[in-house]
Structure formats: structure tokens, C-alpha cells
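Trainee:
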Amino acid sequence: MPTPRFLTLDDVAEILNVSWSQAYALVRRRELIAIQIGGRGQWRVEVDELERFIQQKYAEARAGAVSLPEEPAEVPPDDDAAVEAAPAGTASRGRRRSR
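Here you go:
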């Protein structure tokens, strides 16, 4: 049996090891080119297009073009010295002052 030319989004999701929703999002954002077939408009991805997409992602990773999550900003330690240094009435530790 010859290798199929087109893949379903289920196939794509399995190959990329992602959910169907993530595969669909790639198609909707046009990162992965797909066509709609039939009266129900089912998405199909050509095998060559999936391979192109994978190679493009590898090229981006090699070039450092992949956006990685940013490191969280360093938060100073929560100590009593910082509270004592704050002007009067500005330091609250999550408790509301009664009036």
C-alpha cells in the first residue's frame, strides 16, 4: 500500500505529540498549511507540508528565533527589614488596617 499523501489533524497531532486542539491552532494560525476537503470541511495536511513545518521549526531553534518563556523577575526577599524601611502607613502584609 502506498504512503498516504494527506494526514488528518489526528495524525498530525500524533506525529507532533500534541493535542488535536494544538494541531488545529497551528492550522488556524497558518503556521502549518492545510486544506479543507469535503462537505464537512475536514482538514488535511500534506505529508510534505508537515515535514516542511518541522524543518522550519528546527531552523528557528538553531537560529535562536524560538521564543522561550521569560524568566520571572527576581522578587526581593520578604523580610522585616524591608517593612521597617518603608515609610509609615505604606507597609501592609496583606492585612487591611482598621480605621
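Throughout the sequence shown, residue numbering follows numbering that gives the first Met the number 0, covering 0 to 98 in sequence.
Ideal placement from N, C-alpha and C gives every residue a C-beta, glycine not left out.
(1) Can you tell me whether ARG43 is helix, strand or coil according to DSSP?
(2) Please work out which residues of its chain come closer than 6 Å, Cβ to Cβ, to ARG28, disregarding the five sequence neighbours upstream and downstream, and give them in chain order.
(3) According to the neighbour-count rule (16 or more other Cβ atoms, all chains shown, within 10 Å of its Cβ), is ARG51 buried or exposed?
(4) Whole angstroms is fine: what's the gap from ALA33's alpha carbon to ARG43's?
(5) When you compare only the Cα positions, how much space is there between LEU15 and LEU8?
(6) For the beta strand (DSSP E) holding ILE32, just list the boundary residues, first then last.
Mentor: Straight from the coordinates:
(1) Three-state result, ARG43: strand.
(2) Taking C-beta separations shorter than 6 Å and ignoring five residues to either side along the sequence, ARG28 has no partners in its chain.
(3) Under this definition ARG51 is an exposed residue.
(4) Looking at the two C-alpha atoms, the distance is approximately 6 Å.
(5) C-alpha separation (whole angstroms): 10 Å.
(6) Per DSSP, ILE32 is not a residue of any beta strand (DSSP E), being assigned neither H nor E.
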